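Novice: Here our numbering is used: the first residue of the sequence shown is 899, the next is one more, and so on.
For each residue, glycine too, the CB sits at the ideal point set by N, CA and C.
The model shown is predicted, which means the values in this text are computed figures rather than measured ones.
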Amino acid sequence: MYDSVTVAKAQLELKLARNLGDNKKFFKYINGNRQCRKIIGPFQDEDGHLMNRNRDKSEVFNAFFASVFNMDDGPRGSQCPELEDHDCKNDQLPVNPETVRDLLLQLYPYKSIDPDRIHHRILKEMADVIIKPLLMIFE
């Protein structure tokens, strides 16, 4: 029923399972059976031309990703609903110390650092101290 290769493979796997103390042999076997495609096959660009060269493929990928990640979807909605309905001229935000303090205290302290490289936990804990400088910046 079983051919000799299948039986030998099953015996080897059983032996490896019994001797888990020898990690080197185990990982050598696992890594040897790992299958990974390293080659990207030919594909067509937008015009229907078949791409075989790596440089051509990379240019097509670059054009595609540039078009996806540079797309302007138009204006985005406000992330602060408290500031949406304001009666200010020239699209200026109302500068109210209580509103700024409340917004700072609503920050989630365990969120990762934003592009401004200031951690939310610091902003939240220092809310009373940084209200005046923030008000000066946005006036």
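#1: If you measure between the beta carbons of Leu1021 and Leu1033, is that distance less than 7 Å?
#2: Look at the alpha carbon of Asp1012 and the alpha carbon of Val993, and state the distance between them as a whole number of angstroms.
#3: At what residues does the alpha helix (DSSP H) containing Glu957 begin and finish?
#4: Is the separation between the beta-carbon of Arg864 and that of Pro1007 shorter than 7 Å?
#5: Quick check: what's the CA-CA separation for Leu910 versus Thr904?
#6: Helix or strand or just coil, what does DSSP make of Gln1004?
#7: With DSSP as the reference, label Leu918 as helix, strand or coil.
#8: For Met1024, which option in Asp1000, Asn931 and Phe963 has the closest C-alpha, if you only look at C-alpha atoms?
#9: Considering only C-alpha positions, which residue in the set Glu996, Glu1037 and Lys1009 is nearest to Val1027?
#10: Nearest to Lys1030 by alpha carbon, out of Val998, Asn929 and Leu1005?
Specialist: Reading from the atomic positions:
#1: no
#2: 23 Å
#3: Asn952 to Phe967
#4: With the chain represented from 899 up to 1037, any question about residue 864 goes unanswered, as that position is not in the structure.
#5: 10 Å
#6: coil
#7: coil
#8: Asp1000
#9: Glu996
#10: Val998
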